Amino acid sequence: MNLPGGDSAARGMITGMVLGAHLGMEAIPSHRLDRRQKGDRVRGLLEKLSSQRPHRPME
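In our numbering, the protein residues as written are 12 to 70.
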């Protein structure tokens, strides 16, 4: 979505947050984290965050 005068970075961030909440950490390809300079730190933070979410099935 590219609207005049809009902020595509903010839309991308919100889209990522919604998809991440819905699909979970398992949806992130491991090679994406492996290529990052601090991939292990990011992976650890994601695991910590995902352990705090309620485990309810989405309807």
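Built from N, CA and C at the ideal position, the CB exists for glycine as well.
In this text the structure is predicted, and so the values were computed from the model without any measurement.
I'd like the list of long-range same chain contacts for residue 47, defined as Cβ closer than 8 Å, with 5 residues on each side in sequence excluded.
53
Spatial neighbours of residue 44 in its chain, beta-carbon cut-off 7 Å, leaving aside the 5 residues before and after
50, 53 and 54
Simplified DSSP state of residue 45, which is helix, strand or coil
helix
Near residue 35, what residues of its chain come up, given a Cβ to Cβ distance below 7 Å and the 5 sequence neighbours on each side ignored?
61
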